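Numbering (mature numbering (1 follows the signal peptide of the UniProt record, and there is no 0)), first residue to last: -24 to -1, 1 to 111. In what follows, a structure is listed as structure tokens, so that the remarks can point back to it.
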């Protein structure tokens, strides 16, 4: 029969393993900020490729929602190439949409991931902006 301390050690070990798995996503994409640009909006994305293999391409299918949850824009965005074990910043314009009209951005999918066997299912998204970036 396991003692209380052994159960605690087992629980902490399993929790640590879970954190390690979550942190080990090979590619992460962070919505860092949105910036007004006339009648459009610039999105600053911080990408990190923690793999030992470069990605020739990382094309994302993004959907923007307004404050009422209505789709306001649908874009395909190229964020590559991504060198191996590097962090980069990419900027793209969301034409004809003011930043204040964007409430949430959905990663609808990875349409192209060149150079890696299957990074499409292993892209972790996050946001430092007031705008949510979700999967």
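Quick reminder that beta carbons are idealized off the backbone N, C-alpha and C, glycines included. All figures in this text were calculated on a predicted structure; none of them were measured in a lab.
Between the stretch 21 to 29 and the stretch 75 to 90, the count of C-beta pairs closer than 8 Å stays below three; the two stretches do not touch. In its chain, beyond the 5 residues on either side, 25 have a beta carbon closer than 7 Å to the beta carbon of residue 62.
Less than 7 Å separates the beta-carbon of residue 10 from that of residue 105.
Burial check for residue 47: the Cβ neighbour count within 10 Å stays below 16, so the residue is exposed. Residue 71 has no beta-bridge partner at all, per DSSP.
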